[in-house]
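*Asks:* Structure below; questions to follow.
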Amino acid sequence: MSAEQHDRGFLKGINISAFLDVYQEWHALVEGFCEVLCPWPARYQPSDELLNDLKADHHYYVFGRALGVIAWLIIASIIKEAFL
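In the numbering used here, the protein residues as written are -14 to 69.
The following block contains the structure:
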């Protein structure tokens, strides 16, 4: 084991360069984010390609949803500070 691998601790063995390196992962992440951030229902039915991306990269979809919730918390905080 190299010194670099030893220094990474819990990230040992995880290839960071593979994070969001294909469009399917980005597709799932952005869809999850926008689904939470946008308060009104979708005006279209998801395509088969999108459904396949969401199924294949569900963890990115869930991460995108979590980022959407965090974005709403930030927006709410900004509104609170601006108007109260």
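Just so it is clear, CB atoms sit at the ideal spot from N, CA and C, and this is done for glycine as well.
CA-CA distance, A13 and A51?
*Replies:* Within the sequence shown, numbered from 1, the residue matching residue 13 stands at position 28. Within the sequence shown, numbered from 1, the residue matching residue 51 stands at position 66. Spanning the two alpha carbons is a distance of roughly 12 angstroms.
*Asks:* In the DSSP assignment, find the alpha helix (DSSP H) that holds I55 and state where it starts and stops.
*Replies:* Translated into the one-based positions of the sequence shown, residue 55 becomes position 70. H43 to F68 is the extent of the alpha helix (DSSP H) around I55.
*Asks:* Mind checking whether V21 and G53 have CB atoms under 8 angstroms apart?
*Replies:* Within the sequence shown, the letter at position 36 stands for residue 21. Within the sequence shown, the letter at position 68 stands for residue 53. Yes, the pair counts as a contact, with Cβ atoms nearer than the cut-off.
*Asks:* In three-state DSSP terms, what is W25?
*Replies:* For the purposes of this step, residue 25 is identified with residue 40 of the sequence shown, where counting begins at 1. Coil at W25, not helix or strand.
*Asks:* Does DSSP put K40 in a helix, a strand or coil?
*Replies:* If you number the sequence shown from 1, residue 40 lands on position 55. Three-state result, K40: helix.
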